[in-house]
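Residue numbers (the working numbering): 1224 to 1589. Even for Gly, the Cβ is constructed at its ideal location relative to N, Cα and C.
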């Protein structure tokens, strides 16, 4: 493990207005306000991280393993290794993870994974139960979500309302995103037992919002407003504020485009002709970046820090950190002590891995 202290890291600063494509100059003399420590390396495509009340990190590897970092050390044995019909193909595999709010009592873990049925790839959300440092499937909560080689979504988070939120991509079939009867290209919302919340916008449906291409990140601000990151087509990557029952336009529109067919929600911000490939997102509640929305960028190979206005409805500026230092970032999450955790995704076929990839990195407030 290597430890980097007092690094001067490149920081690209963008300034603009809501839904703008930010462009700006490079600033290489900005003091980075965190100490950087690599806490796990030589991993295989880590995808998502969940943190227990005790501060242990539970993370998925897309190849099918859940692993744990306890007391700062990677545990040698995985919690579970998924087997067939589980598959890890293209962008699919073991993706999102969330711990039950009462995990210390019930030991429930929620994950989303891909599996094969004949020649078809699907995704499903399952509840695991942990016992003596081993986990097994307890219940399938949501099944037959269309999947494929691309655009599986895959993020899971439990919201302030104690509902389970799930991002799903269009599975390479753009029309599914506008089909209210399909679970593809959506933000889904279910109870922790898999049932449908009575206040969902569509009767007896897990669909919470539609018109999404490949949503990758979920985060709530201090006012319990839900934000989602989403991959655009080649460019026009988006951060959206999610409203119950709203349509986000794909494939009819992207970015700031208008639709004559349906009423669509415009993004909080989009990348314009640039490509971020935003993945995990988190709001920082303490420390040097308090109040900022952090965005892990895959193709951008950087960590974006967005400053929002007081209502959270407009982006005031965007700063880019760690650019091209660790490669592609898949996940970002804040720990209970204010530390920030990042996971790289350089062994996913689209990066340039070195001998230490993939890694989980801890940013410790100075």
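Measuring alpha carbon to alpha carbon, tell me which residue in the options is nearest residue i.
i: residue 1502; options: 1534, 1409, 1496 and 1556; result: 1556
i: residue 1294; options: 1278, 1305 and 1302; result: 1278
i: residue 1352; options: 1343, 1339 and 1329; result: 1329
i: residue 1393; options: 1520, 1376, 1267 and 1403; result: 1376
i: residue 1405; options: 1451, 1310, 1567 and 1432; result: 1432
i: residue 1388; options: 1348, 1571 and 1369; result: 1348
i: residue 1263; options: 1284, 1275 and 1447; result: 1284
i: residue 1280; options: 1434, 1554 and 1513; result: 1554
i: residue 1457; options: 1265, 1523, 1434 and 1551; result: 1523
i: residue 1564; options: 1334, 1506 and 1547; result: 1506
i: residue 1303; options: 1315, 1320 and 1296; result: 1320
i: residue 1289; options: 1346, 1350, 1325 and 1358; result: 1358
i: residue 1220; options: 1296, 1258, 1267 and 1529; result: In the structure as shown, the chain begins at 1224 and stops at 1589. Residue 1220 is therefore absent and cannot be evaluated.
i: residue 1309; options: 1296, 1326 and 1334; result: 1334
i: residue 1513; options: 1558, 1378 and 1492; result: 1558
i: residue 1282; options: 1368, 1258, 1259 and 1318; result: 1318
i: residue 1324; options: 1531, 1470, 1355 and 1273; result: 1273
Would you decide whether residue i is buried or exposed? Buried here means 16 or more other CB atoms lie within 10 Å of its CB.
i: residue 1256; result: exposed
i: residue 1485; result: exposed
i: residue 1467; result: exposed
i: residue 1269; result: buried
i: residue 1363; result: exposed
i: residue 1307; result: exposed
i: residue 1477; result: buried
i: residue 1577; result: exposed
i: residue 1250; result: Residue confidence for residue 1250 is low, a pLDDT of 39 falling below 50, so the modelled location carries little weight and cannot support an answer.
i: residue 1496; result: exposed
i: residue 1299; result: exposed
i: residue 1542; result: buried
Using only the alpha-carbon positions, how far apart do residue i and residue j sit?
i: residue 1397; j: residue 1361; result: 33 angstroms
i: residue 1337; j: residue 1439; result: 15 angstroms
i: residue 1340; j: residue 1385; result: 31 angstroms
i: residue 1441; j: residue 1342; result: 31 angstroms
i: residue 1248; j: residue 1494; result: For residue 1248, the pLDDT reaches just 35, beneath the cut-off of 50, and the residue's location in the model is therefore unreliable, although a value from the coordinates is still provided. Approximately 16 angstroms between the Cα atoms of the pair.
i: residue 1261; j: residue 1527; result: 19 angstroms
i: residue 1533; j: residue 1425; result: 31 angstroms
i: residue 1511; j: residue 1588; result: 7 angstroms
i: residue 1312; j: residue 1286; result: 9 angstroms
i: residue 1429; j: residue 1583; result: 32 angstroms
i: residue 1548; j: residue 1422; result: 45 angstroms
i: residue 1314; j: residue 1374; result: 7 angstroms
i: residue 1561; j: residue 1586; result: 9 angstroms
i: residue 1291; j: residue 1332; result: 13 angstroms
i: residue 1370; j: residue 1460; result: 21 angstroms
i: residue 1508; j: residue 1472; result: 31 angstroms
i: residue 1296; j: residue 1446; result: 34 angstroms
i: residue 1550; j: residue 1536; result: 30 angstroms
i: residue 1402; j: residue 1474; result: 11 angstroms
i: residue 1463; j: residue 1529; result: 13 angstroms
Which of the three DSSP states is assigned to residue i in this structure?
i: residue 1326; result: helix
i: residue 1401; result: helix
i: residue 1473; result: coil
i: residue 1549; result: coil
i: residue 1507; result: coil
i: residue 1486; result: coil
i: residue 1280; result: strand
i: residue 1589; result: coil
i: residue 1566; result: strand
i: residue 1346; result: strand
i: residue 1373; result: coil
Check the C-beta distance from residue i over to residue j and give it rounded, since I have them as a contact under 8 angstroms.
i: residue 1449; j: residue 1411; result: With a Cβ gap of about 12 angstroms, residue 1449 and residue 1411 do not count as contacting.
i: residue 1391; j: residue 1380; result: Not confirmed; about 13 angstroms, so no contact.
i: residue 1570; j: residue 1581; result: 5 angstroms
Less than 7 angstroms separating the Cβ of residue i from some heavy atom of the ligand GTP?
i: residue 1530; result: Here there are no bound small molecules, and the ligand GTP is not part of this structure.
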